[in-house]
Structures are given as C-alpha cells and as structure tokens.
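Peer 1:
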Amino acid sequence: MTDEANSDPVDDYDPMIYDAMREAANRLGGLYMERWHLATNEAEKEKWLSLNHRVWRESRDIDPGSLDDVQRARADFVARFRVEEL
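All the letters of the sequence shown, read from the start, carry residue numbers 1362 to 1447 under this note's numbering.
See below:
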C-alpha cells in the first residue's frame, strides 16, 4: 500500500482501505489533541482543538464507496501527520 491515490479501475474494492483512511485521520487527530493538552494558553488550545474537529469532519465526509476519494484522503492525512510530526 502506498500513500498515493490510485486511479486504476477497481472491480473488487476492499473496504479495509476505508478503515486505513479513518486510522490515518485518528492518528492526525490524536497528534492534534496531544498538542492541545500541551498548549500553554487558550489561543493555542483553540487552534489544536479546531484542527482536530476539522480532521474529524473531513474524515466523516468521505464517501466510503469511492476508492479514489478514500485513497486521496488517506494520503492527505498521512502527509499532514508527517509534516506535523517533524
């Protein structure tokens, strides 16, 4: 499995990729919540909480039946996690 979206035709879509996308969103949201707990002022807390809510909304808006959308979202969440983790 790569982090890149794949536009190849699929005739037997495995729904586990949706679970992998949700896990990537949960990891990113968890990182944001860790930062929320470490924040030293209300502005920082609001920033991290807002980002966490955004990830949750984005992940909920993905059509689980669209392989392209799910792969694209997973790649995006993984990339954002890697940037934040640095």
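For glycine and all other residues, C-beta sits at the position ideal for the given N, C-alpha and C.
Please work out which residues of its chain come closer than 6 Å, Cβ to Cβ, to leucine 1410, disregarding the five sequence neighbours upstream and downstream, and give them in chain order.
Peer 2: If we look at leucine 1410 and ignore the five residues flanking it on each side, its Cβ neighbours are Trp1397.
Peer 1: Go ahead and pull the three-state DSSP assignment for alanine 1386.
Peer 2: Helix.
Peer 1: Applying the criterion that 16 or more other CB atoms from any shown protein chain within 10 Å of the CB defines a buried residue, is serine 1427 buried or exposed?
Peer 2: Exposed: under 16 other Cβ atoms inside 10 Å.
Peer 1: For asparagine 1413, count the other beta carbons within 10 Å of its own beta carbon; 16 or more makes it buried, fewer makes it exposed. Which is it?
Peer 2: Buried, because 16 or more other Cβ atoms sit within 10 Å of the Cβ of asparagine 1413.
Peer 1: Helix, strand or coil for serine 1420? Go by DSSP, reduced to three states.
Peer 2: Note: serine 1420 maps to helix in three-state DSSP.
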